[in-house]
Each structure stands twice: as structure tokens, then as C-alpha cells.
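Each residue of the sequence shown is one higher than the last, beginning at 1 in UniProt numbering.
For glycine and all other residues, C-beta sits at the position ideal for the given N, C-alpha and C.
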Amino acid sequence: MRMYPGSKLILSGYAGGTDVSHARVMAKVALALGVSKPDIILLESAKDTWEEARQASAFVQSKKMVLVTSASHMQRAMYEFEAAGLKPYPAPTNFLAQENVEQAWQRYAPQARYLEQTERYWHESMGQVWQRLRDWVANESIRDLTFSVSEFEPESVEPTQLDQDELEQQLAPQETQDDTSAVSEADSTISGAN
1 MRMYPGSKLI LSGYAGGTDV SHARVMAKVA LALGVSKPDI ILLESAKDTW
51 EEARQASAFV QSKKMVLVTS ASHMQRAMYE FEAAGLKPYP APTNFLAQEN
101 VEQAWQRYAP QARYLEQTER YWHESMGQVW QRLRDWVANE SIRDLTFSVS
151 EFEPESVEPT QLDQDELEQQ LAPQETQDDT SAVSEADSTI SGAN
């Protein structure tokens, strides 16, 4: 925040059954670290990343944005924020990767030291499946709605192309029977005078 004067810190996360929201807890830390209160925006009602992205987009709009979240969650978060129309710069934190793992398969076995990583892996993997399924269902619903609307359209309606004369005739004011006879009489008078 010191590097970018005028920037805002948007903190999100609802209470989830506790007395204090996750956003408010982070705000207390930010205040303790010297961030001024007017520079903090709390999104306390967002219950998931989809809601956070949409609420944040109302504040950010077309401004530049840095998205800070755990490294394991960054892929899903970027997907949601981009779907909300934002183009954030990713800034992953809380890396859980460890060096010097003896056997690669040990990372996924439910051992005490890898239990958090295993839980995070499955949480994020299922989250990605949910994102794709939700978007697929939403797209299918839109497609179904399009088909149901088209059922009410007349079947024989096809666009026709008119030439200039036909178009002028259709747009010209309609003449009544009396107008037509007056025009005919005027034409005969003019032609008789020649």
C-alpha cells in the first residue's frame, strides 16, 4: 500500500458461524501493520470466491488489481475474478510445497505431515469441478431458454429482401378512393392540356 498511494485494500470473508468475519479479522491485522482505516474495504457477506469476485468488481471496475490468496487457491480465484470481468495480477501466498520429499506419492497419502496438503488438494480439485459444472449448467439453462423462446415464434417468418420501389410503396401513405380519382382527373387534365 505504501508503494501505491491511493490504493485500497479489499478484504473479504464472512463470519461462517463465528462472531467476527474473516474480513474483519484481516482488517485488524492490516490496521496493526499501519494501513489506514479509510483505505480498507470489507466484503463481509461474500460466502465463496464467486461472490467475492462479483462484489470486488463493483469497487475495482476497470482499475488495476492485485489478487492475493493462497497458492493452492490461486487458479480457482483467478478463474472467478476473470469471469467477473476483472484482470487481476496474481500474488500467491502460503505456499505448502516442501522440498526434499523422499517419495512423490507420500504427498498424497494421509500422513500427519502431509494431511493439510492432501486436504487442500482435494478441496481445490473439487472446487474446480464445481466451477465447471456450475458454468456448464448455467450455459445449458441459457440454451434451453433460447429454445423455449423460439418455440413461440411463427414458423413461416423468414427475412425478405425488398427492392427500392417495393420499399417506397410500402412506406408511402395509403391513398383513399377519393384521392385516387382526384389524382386521375388531374392527370387527365394535365395530359389534355398538352
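Alpha carbon to alpha carbon, how far is residue i from residue j?
i: G127; j: A30; result: 28 Å
i: K28; j: S12; result: 13 Å
i: V137; j: Q131; result: 10 Å
i: S125; j: F95; result: 17 Å
i: R2; j: G17; result: 34 Å
i: R24; j: G6; result: 21 Å
i: R32; j: E51; result: Checking the displayed sequence, the identity of residue 32 turns out to be Ala instead of Arg. Approximately 27 Å between the Cα atoms of the pair.
i: L115; j: V129; result: 21 Å
i: S45; j: A104; result: 39 Å
i: K47; j: Y89; result: 22 Å
i: N100; j: M74; result: 24 Å
i: H22; j: E140; result: 35 Å
When DSSP labels each residue in this structure, what does residue i get in the three-state scheme?
i: L86; result: coil
i: S70; result: strand
i: L133; result: helix
i: residue 200; result: Within the shown structure, residues of the chain are numbered from 1 to 194, placing residue 200 beyond reach of any answer.
i: T18; result: coil
i: A91; result: strand
i: R24; result: helix
i: G34; result: coil
i: R120; result: helix
i: Y79; result: helix
i: S191; result: Its pLDDT being 41, under 50, S191 is placed unreliably by the model, and the measurement read from it follows with that caveat. Correct three-state label for S191: helix.
Return the first residue and the last residue of the beta strand (DSSP E) that residue i is part of.
i: L42; result: 40-43
For residue i, I'd like the list of residues in its chain whose CB is within less than 7 Å of its CB, leaving aside the five on either flank, ordered along the chain.
i: T49; result: R76, A77, E80
i: S57; result: A84, G85, L86
i: S91; result: For clarity, residue 91 is Ala in the given sequence; the question names Ser instead. Once the five neighbours on either side are set aside, the close Cβ partners of A91 are V66, L67, V68.
Which residue marks the beginning of the alpha helix (DSSP H) containing residue i, and which one marks its end?
i: E51; result: 49-60
Can you list, in chain order, the residues of its chain whose CB lies under 8 Å from that of residue i, leaving out five sequence neighbours each side?
i: V60; result: I10, L86
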